[in-house]
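Residue numbers (the numbering used here): 438 to 523.
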């Protein structure tokens, strides 16, 4: 039996949504880092899907608060575009 939501899949969904909502709010990486209390490098690496990072639930909550969204929106796997590093 195949699991629909593995840790890796959930991590990618959350990371793509963080970037999606950051761009919707027109926040820079640094602005989001400042709002969450995390470093610019951490936020940048988190959005870069080629780097293996899985945020803790507490960290996901910081992003939801900073982006002024319900934490459940970060787990929504509909309409999540592919994200690449720049």
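Don't be surprised by glycine CBs; every beta carbon is placed ideally from N, CA and C.
- Taking a cut-off of 8 Å on C-beta distances, the region 501-511 touches the region 449-462, as three or more cross pairs fall below it.
- In this structure, residue 490 lies away from residue 474, with their beta-carbon atoms at least 8 Å apart.
- Taking the CA atoms as reference points, residue 504 sits about 22 Å from residue 488.
- Between the alpha carbons of residue 484 and residue 440 lies a distance of about 24 Å.
- By the Cβ-count criterion, residue 469 is buried, with 16 or more other Cβ atoms from all chains shown falling within 10 Å of its own Cβ.
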